[in-house]
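Engineer: One structure follows; several queries about it will come next.
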Amino acid sequence: MKINSVLGPIDVESLGTTLIHEHLGIGWPGWELDHLDFDRKKEGSRIVDKLKEIQDLGITSFVDPCPMELGRDPEFAAEMSEKSGIQIVVATGLYSDALGIPQHFRLMDIDGIAEQYVSEIQDGIGKTGIKAGIIKTASGGIYGVTPPGQGIQESEIKCLRAAARASNATGTPILCHNDEMEPFGRETLDIFEEEKVDFNKVLIGHACGVGDMRYYFDILDRGAWLGFDRFGIESIASDKLRLASLLGLLSVGYDRIMLSHDSLQCWRGRDTGVLDGMIASSPNWELAHISRNILPAMREAGVSKDKIDTLMVKNPCSYFRK
371 MKINSVLGPI
381 DVESLGTTLI
391 HEHLGIGWPG
401 WELDHLDFDR
411 KKEGSRIVDK
421 LKEIQDLGIT
431 SFVDPCPMEL
441 GRDPEFAAEM
451 SEKSGIQIVV
461 ATGLYSDALG
471 IPQHFRLMDI
481 DGIAEQYVSE
491 IQDGIGKTGI
501 KAGIIKTASG
511 GIYGVTPPGQ
521 GIQESEIKCL
531 RAAARASNAT
541 GTPILCHNDE
551 MEPFGRETLD
561 IFEEEKVDFN
571 KVLIGHACGV
581 GDMRYYFDIL
591 DRGAWLGFDR
601 FGIESIASDK
611 LRLASLLGLL
621 SVGYDRIMLS
631 HDSLQCWRGR
641 DTGVLDGMIA
651 SSPNWELAHI
661 SRNILPAMRE
671 AGVSKDKIDT
681 LMVKNPCSYF
691 RK
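Heads up, the sequence shown is in the working numbering, so the first residue is 371 and it goes up one at a time.
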C-alpha cells in the first residue's frame, strides 16, 4: 500500500521509525504579507544537518502536519527530504478558530472544505504537484493565547466534519490538535462518529500533557490513537508527567500511542521571538530528544525493544494503512 510523501508515493511499510508530529516551519496567518522571511538557504542547511543527525539515530520518517494557513511549504519540505534522506509527509487541513481558518474557508460549507482537502490529497497542493498524506484538524483554545472555557467553535466543527468526509473519501488519516489545558478529544471523536469515520484513522494529539488516565482510556477504548507528541516542551508540562503517563498506560496494556516532539525548526515571516522564547523555556525541545533521552528512560524503566518498536514503527504503519 502506498502513501503520499513529499517526494512521491512510498510503501507504508517503508516508513520505519517515525516521529508523528514535527514541523519544519510555522508562521501565523499574515506572515506571507511580511516583506521579511527566514533565510531559506541558511536555515535549510541547518535543518538538513539536524535531519541527518536524527537519521543517524535511527529515525527514517516524520510527519509535518502544518495546516494550510500556518506557513506550510511543501516544496521546502521536499528539498529537505531530498537532501537529508528523511521521508516527510505533509498535511492538508485548517487550524483553529483563534489562530487560523481564513475567511475564505469560513464562508464555505462542509463539503466545499472537504473537496479542497481531497484535491490536495489526490491532485496535489496548489501547483507544486506534491500531495498531502495526512489531514490536520485543530479545536479548542490555545495555551497562553486564548482564554479558557470557550469550547469547540462552530468553524472548527465545520472543519472537523470536512476532515472526516475527506478521510472517508480517500482513506487518509486525521491528526487532531487538542490543547492540553482543555482537551476535546472525546468531543472530537463524537463528531467523527456522527460522520462514520474509522477511528483507526484518528490520532488525538498533544495528549501527553493532560495527565488524566480517564481521558486516555476514553480515547483508546474507542479505537483511536493517542499522540504523546510534545516531549521536550516543559513550559507546558514536564517530561516526567509525560513519561509517567506513558509508562502507566503501557503497564495496563494500552499501546495505541505514537511519539514525537511537535518541534519547530524555523519561523516564517519576521522573527517575533516566539521560537526563541520556546527554546529558552524548553531546552530539550528538539528532534533528537526522544532518541537520546526518552527512549533510554523507557528502556531503563523496563519497556521492551518490541514495545518501543510498536510505538515508533508498527503503530505509524497501522495508522497510515488504508
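Glycine included, C-beta positions come from ideal geometry on N, C-alpha and C.
1) Applying the 10 Å Cβ sphere with the 16-neighbour rule, what's the burial state of A577?
2) Compare the C-alpha of E439 against each of E423, I424, L613, I471 and name the closest.
3) Considering just the uninterrupted stretch of the alpha helix (DSSP H) at V747, what are its terminal residues?
4) Give the straight-line distance between the Cα atoms of G519 and Y585, rounded to the nearest whole angstrom.
5) Just the C-alpha distance for L665 and I678, rounded to the nearest angstrom, thanks.
6) DSSP has C636 in a bridge; who is on the other side?
7) Between which two residues does the beta strand (DSSP E) carrying T540 extend?
8) Kindly indicate which three-state DSSP category S431 falls into: helix, strand or coil?
9) Using a threshold of 8 Å, state whether the C-beta atoms of A461 and L590 are closer than that.
10) So which of P437, E524, A502 has the shortest CA-CA distance to R476?
11) What residues in its chain sit with their C-beta under 6 Å from that of K422, if we drop five residues either side in the sequence?
12) Can you find at least 3 beta carbon pairs, one from the stretch 597–610 and one from the stretch 396–405, that sit closer than 8 Å?
13) Buried or exposed for H631, please, with buried defined as at least 16 other CB atoms from any protein chain shown within 10 angstroms of its CB.
14) Going straight from the alpha carbon of I500 to that of P653, what length do you get?
15) Do G510 and E552 have their beta-carbon atoms positioned less than 8 Å apart in this structure?
16) Taking just the CA atoms, how far does I512 sit from L469?
17) Does the Cβ of S384 have 16 or more other Cβ atoms within 10 Å, making it buried, or fewer, making it exposed?
18) C529 and L596 look like a contact to me (Cβ under 8 Å); what is the Cβ gap, rounded to whole Å?
19) Buried or exposed, going by whether 16 or more other CB atoms sit within 10 Å of the CB of Q457?
20) Shortest alpha-carbon distance to V376 belongs to which of E490, G482, Q425?
21) Do you know how far the Cα of A533 is from the Cα of D419?
22) Could you check whether I380 and I390 sit closer than 8 Å to each other, using their CB atoms as the reference points?
23) Using CA atoms only, rank isn't needed, just tell me which of A658, C687, L634, S688 is closest to E413.
24) Could you say which of A658, L681, C636, E563 lies nearest to L698 if we only look at CA atoms?
Structural biologist: By the coordinates alone:
1) Taking all protein chains shown into account, A577 has 16 or more neighbouring C-beta atoms within 10 Å of its C-beta and is therefore buried.
2) The residue with the shortest Cα to Cα distance from E439 is I471.
3) Only positions 371 to 692 of the chain appear in the structure, and residue 747 is not among them; the question remains open.
4) Going from the Cα of G519 to the Cα of Y585 covers about 18 Å.
5) Their Cα atoms are separated by approximately 8 Å.
6) Beta-bridge pairing by DSSP links C636 to G395.
7) Residue range 524–540 is occupied by the alpha helix (DSSP H) that includes T540, with no beta strand (DSSP E) assigned at that position.
8) Secondary structure at S431: strand, using DSSP grouped into helix, strand and coil.
9) Contact flag unset, no.
10) Taking only the C-alpha atoms, the option nearest R476 is E524.
11) Answer for K422: S454, listed in chain order.
12) Short answer: they don't touch.
13) Buried is the call here.
14) Roughly 33 Å between the two C-alpha positions.
15) A contact, by the Cβ cut-off of 8 Å.
16) Approximately 8 Å, taken between the alpha carbons.
17) Under a 10 Å Cβ-count criterion, S384 is classified as exposed, with fewer than 16 other Cβ atoms of the shown protein chains found around its own Cβ.
18) Wrong, their Cβ atoms sit about 21 Å apart, outside the cutoff.
19) Residue burial is scored here from C-beta neighbours: Q457 has at least 16 other C-beta atoms within 10 angstroms and is therefore classed as buried.
20) Residue E490 is the option with its Cα nearest to V376.
21) In a straight line, the C-alpha of D419 is about 34 Å away from that of A533.
22) It is not a contact, given that the beta carbons lie outside the stated cut-off.
23) Nearest C-alpha to E413: L634.
24) No information on residue 698 is available, as it lies outside the stretch 371 to 692 that the chain covers here.
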